[in-house]
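Report on the following structure.
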Amino acid sequence: MASFDSTGTIAPAATKTPLIIGGSATLRPQLWEWIAATIGVPSSEASFQIWMRAATALGTSTAVTPRPKNAISVAGHTAGSNCSVEPTYSAGQPLKALQGNARNQLSWQALFEAAALQAAAAASNGFGAQIQIPGGALTSIDTDMTVIE
Amino acid sequence: MAIQGRREGVSREVTPEGKVVNENETFTCGHCQHITDVGPKQRLDELGNMCLVCMRPCCKQCTFEMTHGGGCAPFEKKLERIEARANARRTYEECAR
């Protein structure tokens, strides 16, 4: 078991994905922690909303190398920031929605394994954080995910 | 609220000064992985129910499906089906080359 952090950013707009995590054919990545915040002074006090969604195709993004917490492990999963082609998400409700003031940091954390989100061991499956309402976010929206594999 | 005596997960909103303005415990549905926020003094049966087959808490939607003939459908079984489909597709593609 190794733990990795990945960071993604994107200019605030509805239905845009700052960070996408993809699985691989040999392992099931587990999402343990997710943090969302905005960078820069917000333009208003309007809340922003961001969804965690299960992806079935990963779209096109700038590759990000997941950072191992032990400094030596190499990730089997993939991460991408600033999606230029949106991933294909499972229809319906998100796995988790976070919403709050654009000045604040929003987070969700699993406290034990049964609560962590799992993706299938298939290269095109994973998790994405998708902005739904940019609200007062002005410069960019930043999201971090901790994945254990 | 704790499920089986344990806190499952937590969601927070923290101000730039480090003050927690909103904190909720959460549980992850054992059938679909939907994460449900648990408000103060809310009971599990207001938010879903416990599946007595896989012994995991379930969201409202999955509880509805269970009580209307859907039965227990653990998320691990869904993952296995997705992986089997992906493996079969990869095998066909390799044979076609």
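Protein chains in written order, with our numbering: chain A, 887 to 1035; chain B, 4 to 100. Beta carbons: idealized from backbone N, C-alpha and C, even for Gly. Keep in mind the model is a prediction, meaning the values are calculated, not measured.
Straight-line Cα distance separating residue j from residue i
i, j, result
"B:C98", "B:N90", "12 Å"
"A:D1028", "A:G962", "23 Å"
"B:T70", "B:C54", "10 Å"
"A:G1022", "B:V56", "45 Å"
"A:P898", "A:P1020", "5 Å"
"B:Q45", "B:E86", "36 Å"
"A:I907", "B:Q64", "26 Å"
"A:T1025", "A:I925", "6 Å"
"B:R100", "A:S933", "51 Å"
"A:N956", "A:E1035", "13 Å"
"B:N27", "A:L992", "12 Å"
"B:R10", "A:L905", "27 Å"
"A:Y975", "A:V950", "20 Å"
"B:F78", "B:S14", "22 Å"
Proximal chain B residues relative to residue i, where beta-carbon distance stays under 8 Å
i, result
"A:N1011", "I85 and A89"
Buried versus exposed call for residue i [16 or more other C-beta atoms within 10 Å across all chains shown]
i, result
"A:T1032", "buried"
"A:L913", "exposed"
"B:T29", "buried"
"A:D1030", "buried"
Beta-carbon neighbours of residue i, restricted to chain B and to distances below 7 Å
i, result
"A:L992", "E16"
Interface partners of residue i on chain A, CB under 8 Å
i, result
"B:G12", "W994, Q995, A996, L997 and A1001"
Per-residue contacts from residue i into chain B (C-beta, under 9 Å)
i, result
"A:L984", "S14 and E16"
Task: Cβ pair count under 8 Å reaching 3, the region 934 to 942 of chain A against the region 975 to 985 of chain A - done: yes
Task: At least 3 beta-carbon pairs within less than 8 Å: the region 950 to 964 of chain A vs the region 14 to 28 of chain B - done: no
Open item on the list: Using a Cβ distance threshold of 8 Å, determine whether the region 968 to 978 of chain A contacts the region 990 to 1000 of chain A, with at least three qualifying pairs required.
Closed with: no
TODO: Run through the region 994 to 1028 of chain A for me and flag every whole beta strand (DSSP E) of 3 or more residues, listed as ranges in chain order.
DONE: 1012 to 1019
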